[in-house]
Amino acid sequence: MSSKRLKVSFQRREDSTTSHHCCVPQCTASAKFNSVLSFHTFPKEKELEKTWVAKIRRDNFIITNHTRVCSRHFQSTDLIEPPTPAGRRRLKHGAVPVLFQWNNYTLSAPRPGVWQRTERPKTETSQNKAPPMDVDHNYCCTNVTEPAALALCLDHNEDLRAEVARLQKQVEEMSISNKFGLERFAASDDDIRFYTRFATHAHLMAFWRQIEPATHKMVRVTRARTASTNEVPHTANATSLEPIDEFFLFMTYLSLGLMQKDLAHRFNIHQSTSEVFSSYKSHCTFKGLVGMAPHGAITFVSALYAGSISDKEILKQSGIVSLLKPTMAIMVDKGFLVEDCVPCKIYMPAFLSKRAQLSAPEVICCTWPNVAYLPKS
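Position one of the sequence shown corresponds to residue 23 (the working numbering), numbered consecutively onward.
Structural data, given as structure tokens:
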């Protein structure tokens, strides 16, 4: 039989009180919040215990009542299914951990198939063998070799199916291990703390459940440009990451302060996918619109938008235009070109254009006392 690895799906308990950890080097599995992996004590037989210690590569290892080896290091055939009524999985007698990170969780030397193990007599080649002459075939006779050959083919097909299944599992495991995303680090709270600063995976998922309903309301650059040009929006998904992986990317950026190019390589996406990158600021930013009365009071605060969005688009998306009346007037910063977007009068500071100072009317315009001021983000 070909070696098989227990397929692990990272799920979490919310009410577990156990805190066992796997003692195998390079394994960070923990029993807390984990309802899929099982954690097993060392066997009582001394020789079998020595075999376990040798297999996990721990020299001078002290075994206690709390020492555990998780089920991902055993073949699926070593586990007794179904679990006990209490939910505990047991190992078959004599089971030994053989699947580790250093052997890619597979046995290094798979057993040859039936076709390779079966000895067959040497036959003459078709060139040296003369064709039969005038041989009558007796259709009533039974060829005794046909059932054996059929059984051999069936065994060979079973081995091939098992080999295909093993390779499919190996490909799935490699795809997960090579993918940089939340799914890869879900089983390790240490990695979650390093990449996101959340204490555990459970804390991160609790926060995500709070914000996930609002993710469909986010205004992306692609949709904003479509709205400004009156184009028909594309029905295909404009992002190459799932929303939760986008959130993980953002938390990784905040936690580690990685550069855009580094994030693109890690998440296997194009650098332009990160919509918070501002070409004006040359790094990731968020923009917002703030309204201020002439006496200094804040009168309007918009939501935050991606740093690559334009000032005019922020004005449209923020909702402030519907609050402005034709009898009002607003003052904006230089370069805030929104004259065609608002129904009221706009005052804007003039550009010096290589002059030493502004003219008197331009200075008066800059200090107009009865207008609301909209600074740039």
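Virtual Cβ for every residue (Gly too), placed ideally from N, Cα, C. Note that the structure is predicted; figures quoted are calculated from it, not measured.
Legend entry - Reference Q48, options I336, H225, F122, L345, closest by Cα: Locating residue 48 in the sequence shown gives position 26, where the first residue counts as 1. Selected option, being the one with the closest Cα: F122.
Legend entry - Residue from G357, S330, A328, C363 with nearest C-alpha to S344: On the sequence shown, position 322 is the one that residue 344 refers to. When each option's Cα is compared against that of S344, the closest is C363.
Inset, instruction - Alpha carbon to alpha carbon, how far is L204 from T99? Give it in angstroms, no decimals. - result: What you label residue 99 is simply residue 77 of the sequence shown in a count that begins at 1. What you label residue 204 is simply residue 182 of the sequence shown in a count that begins at 1. Approximately 30 Å, taken between the alpha carbons.
Inset, instruction - Give the C-beta separation of F358 and Y327 to the nearest angstrom, bearing in mind that I take them to be a contact with Cβ-Cβ under 8 Å. - result: Taking the first residue of the sequence shown as position 1, residue 358 is located at position 336. Taking the first residue of the sequence shown as position 1, residue 327 is located at position 305. Actually they are not in contact, since the Cβ atoms of F358 and Y327 sit about 15 Å apart, beyond 8 Å.
Legend entry - Which of helix, strand or coil DSSP assigns to Y127: Start at 1 with the first residue of the sequence shown, and residue 127 comes out as number 105. DSSP places Y127 in coil when its eight states are reduced to three.
Legend entry - Coarse secondary structure for A258, derived from DSSP in three states: Here residue 258 refers to the residue found at position 236 when the sequence shown is read from its first residue. Note on A258: pLDDT 37, under 50, position unreliable in the model; no value is reported.
Inset, instruction - Select from K72, H43, A76 the residue whose C-alpha is nearest the C-alpha of R94. - result: As a first step, residue 94 is located in the sequence shown; it is residue number 72 there, counting from the start. Nearest option by C-alpha distance: H43.
Inset, instruction - Using three-state DSSP, classify H62 as helix, strand or coil. - result: Here the question's residue 62 lines up with position 40 in the sequence shown. Of the three classes helix, strand and coil, the one that applies to H62 here is strand, per DSSP.
Legend entry - Sheet register partners of A112 (DSSP bridge): Here residue 112 refers to the residue found at position 90 of the sequence shown. Reading off the sequence shown, one finds Arg at residue 112, where the question assumed Ala. Paired residues: I102.
Inset, instruction - Can you check the segment 340-389 for any beta strand (DSSP E) of at least 3 residues that lies completely inside it and give the ranges in chain order? - result: 351-354, 367-369
Inset, instruction - Please work out which residues of its chain come closer than 6 Å, Cβ to Cβ, to R111, disregarding the five sequence neighbours upstream and downstream, and give them in chain order. - result: Counting from one through the sequence shown, the residue named residue 111 turns up at place 89. If we look at R111 and ignore the five residues flanking it on each side, its Cβ neighbours are S60, L101, P105.
Inset, instruction - Compare the C-alpha of C92 against each of L129, L182, F83, A209 and name the closest. - result: Working through the sequence shown from its first residue, we reach residue 92 at position 70. Out of L129, L182, F83, A209, A209 has the C-alpha closest to the C-alpha of C92.
Legend entry - Element boundaries [alpha helix (DSSP H), containing K266]: Sequence index remark: in the sequence shown, residue 266 carries index 244 (1-based). Looking at the sequence itself, residue 266 is Ile, so the reference to Lys does not match. Where I266 is concerned, the enclosing alpha helix (DSSP H) stretches over 265-278.
Legend entry - K114 versus P65, F83, L129, residue with shortest Cα-Cα distance: Start at 1 with the first residue of the sequence shown, and residue 114 comes out as number 92. Taking only the C-alpha atoms, the option nearest K114 is P65.
Legend entry - Separation of M314 from K334, as counted between CA atoms: Taking the first residue of the sequence shown as position 1, residue 334 is located at position 312. Taking the first residue of the sequence shown as position 1, residue 314 is located at position 292. Approximately 18 Å, taken between the alpha carbons.
Legend entry - M350 versus V323 - alpha carbon distance: Working through the sequence shown from its first residue, we reach residue 350 at position 328. Working through the sequence shown from its first residue, we reach residue 323 at position 301. One C-alpha to the other measures close to 18 Å.
Inset, instruction - Taking only the alpha-carbon atoms, compute the straight-line gap between L285 and Y275 and give it to the nearest angstrom. - result: Here residue 285 is taken as the residue at index 263 of the sequence shown, counted from 1. Here residue 275 is taken as the residue at index 253 of the sequence shown, counted from 1. Whole-angstrom Cα-Cα distance: 8 Å.
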